């Protein structure tokens, strides 16, 4: 597929870049110290933090990946939203934000240091820093590869260009600049992709038309005719749905372990809420963010469903390109853009796509420079220097982070395996993390040794489970079974991932409790005030109007999510 | 903070909207005659973006007025 851009498309792209950089230039003046650069001076209103929260998460992997998944698995992909995101977002807002925002911690690893000990913080800071660079590098690589494929642009030039732009606006304006750009990008992505959905739905004959056009897709693949348009109805057994997962693995693996592990402990998103101007705003941030998140399946999954429906029905001249034995699902979004957007709109669509790559990168880079400066440099390399020194280090770290991302992008291009191995390792490290935070925040007896060894053993449990199992039809190696024999075969890779997470979480949870009970607590109740639920005064929000109360808002969002699950059951 | 985020958002979408709707109005009609839905999407969506941009700008201006008083 090759797209031809007109002058107006280039104009839109250039105007967008000018605005992105302009925001950095204007905000430069408001950065006078580390608190402004890394924490936005804790001054932003909830709605800005919320759109930044969701914008940083709405990377291109999400836009392109969820569309691919929508084509491959249909509406079951919405579980990544209605099960795998909203409940965790409401939970972090109501129960965990009081500890993140209310304690003196400036980052998630620093919370672990205050609550547990230095080694637990170090473990989290290092793995997190590595992970952010990898993700940012993968975004960069994917962007360059895509632009090279559809526009014929030079791969190296794309890497350098995207790196320099993101670097420039973070270097100048710090976290505020990243968040403002994420808000801009959020609107650009929504307004850039919405017409695609509207036109696609019109062409397939609305939702009813889509349901009837997707039934041959399902029956051809050997499933019940509504398998692409029911989210829960076919999850009684893993064999009867395209995702190959049953309801329990889905609810526990994705809905509990993976989703809470990401939304409640990943500093990339928590950092946005911690930039809020007060506790109420910090707690409202994830809940306000949950409202657009709830609607996103329409924006990112529907294009994939429409694409496969049009492709299979052979209507309107839309075809997906073949790849291997199947179809090139990763190209769903560019193919839809090419089909529905003439020159003009095409520039807007491509700009939106680029915006999503850049917001994903910037989110990772701001989280990286904060964790590096506060949790690694200030803790291990130079303990007490002036604020101006740490600000300079933060800016230098931004440059380093971008360079390291570029290196990661080239590593991804060169050695496909290295990237897969690293991602696997990080998946192992991340899966148990939520158990550590849950016990840390709600059980004051949990000790530093318990937390650290619980995390390590949970990671080991994840690796062992992965090493002893295989997804159906996969070869021994990176997909699993590398510990000799595969003792269990899962119907799909996703099912294997979910169960790896469940084992890792359980191991971490149990071992943290056992080791904590065997070791002596090193922190007194006074040390733990503001860090543990039972020792912290409850956040009071009676004086707020109902629409500003986190609990009320959280219940409304959960209710709406429940309704969505039933509507598309 | 010396910048209201609604200002750049409003400005950018106003410019995008104006560009696209003018292009849809004055550009080659073949662009939309060949469209799978035969709709002049540049014009219509351009107007939507323009409206969104103007609303954002108005909100930003009103916010500024509120801060002064």
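Protein chains in written order, with the working numbering: chain A, 1 to 569; chain B, 570 to 638.
Every residue gets a Cβ at the ideal spot worked out from N, C-alpha and C, and that includes glycine.
Since this is a predicted model, take the numbers as computed values, not measurements.
Query	Result
Reduced DSSP category for residue 447 of chain A - H, G, I as helix; E, B as strand; rest coil	coil
Under 9 Å between C-beta atoms of residue 373 of chain A and residue 399 of chain A	no
Residues that residue 342 of chain A bridges to, as DSSP identifies them	Residue 342 of chain A pairs with nothing; no bridge assigned.
Beta carbon proximity, residue 618 of chain B to chain A, threshold 9 Å	yes
Neighbour flag for residue 48 of chain A against chain B, beta carbons, 9 Å	yes
Where residue 593 of chain B meets chain A, residues with beta-carbon distance less than 8 Å	344
Residues near residue 625 of chain B by beta carbon distance below 7 Å, same chain, minus five either side	575, 578, 579 and 582
Candidates A:101, A:385, A:134 and A:60: closest to residue 401 of chain A by CA position	A:134
Alpha carbon of residue 633 of chain B to alpha carbon of residue 43 of chain A, nearest angstrom	17 Å
Residue from A:68, A:89 and A:24 whose Cα sits closest to the Cα of residue 53 of chain A	A:89
Below-9 Å beta-carbon distance, residue 572 of chain A vs any chain B residue	What is shown of chain A runs 1 to 569, which leaves residue 572 of chain A out entirely.
Residues sharing a beta bridge with residue 489 of chain A, DSSP	A:470
Rounded C-alpha distance that separates residue 163 of chain A from residue 356 of chain A	14 Å
Cross-chain neighbours of residue 630 of chain B in chain A, by beta carbon under 7 Å	None at all; the shortest Cβ gap to chain A is about 17 Å.
Minimum Cβ-Cβ distance from residue 15 of chain A to chain B less than 9 Å	yes
Contacting residues, own chain, Cβ-Cβ under 7 Å from residue 68 of chain A (five flanking each side not counted)	304, 329, 330 and 332
Cα-Cα separation, residue 192 of chain A to residue 499 of chain A	37 Å
Integer-rounded CB distance, given that residue 536 of chain A should sit under 8 Å from residue 98 of chain A	7 Å
Three CB pairs or more closer than 8 Å across the segment 75–83 of chain A and the segment 156–172 of chain A	no
Outcome for residue 215 of chain A when other beta-carbon atoms lying within 10 angstroms are tallied against a minimum of 16	buried
Under the three-state DSSP convention, the category residue 323 of chain A falls into	strand
Proximity of residue 584 of chain B and residue 342 of chain A at Cβ, strictly below 9 Å	no
Nearest residue (CA-CA) to residue 593 of chain B, options B:605, B:613, B:604 and B:620	B:613
Start and end residues, alpha helix (DSSP H) containing residue 154 of chain A	No alpha helix (DSSP H) holds residue 154 of chain A; DSSP gives it neither H nor E.
Per-residue burial, residue 475 of chain A [other beta carbons within 10 Å of its own, 16 or more giving buried]	exposed
Distance CB(residue 152 of chain A)-CB(residue 387 of chain A) smaller than 9 Å	no
Coarse secondary structure for residue 593 of chain B, derived from DSSP in three states	helix
Three-pair Cβ contact test at 8 Å for the segment 6–20 of chain A versus the segment 588–606 of chain B	yes
CB of residue 447 of chain A within 9 Å of CB of residue 508 of chain A, strictly	no
Residue 563 of chain A, buried or exposed, once every other Cβ within 10 Å from all chains shown has been counted against 16	exposed
Rounded straight-line distance, which links the Cα of residue 360 of chain A to that of residue 36 of chain A	21 Å
Contact with chain A by residue 568 of chain B, beta-carbon distance below 9 Å	This structure cannot speak to residue 568 of chain B, because chain B is shown only from 570 to 638.
Any C-beta of chain A under 9 Å from that of residue 608 of chain B	yes
Contact between the segment 454–471 of chain A and the segment 479–492 of chain A (3+ Cβ pairs under 8 Å)	yes
Residue interval of the alpha helix (DSSP H) (run including residue 610 of chain A)	It is not possible to answer for residue 610 of chain A, since the shown part of chain A is limited to 1 through 569.
Which listed residue (A:176, A:189 and A:107) has its alpha carbon closest to that of residue 379 of chain A	A:107
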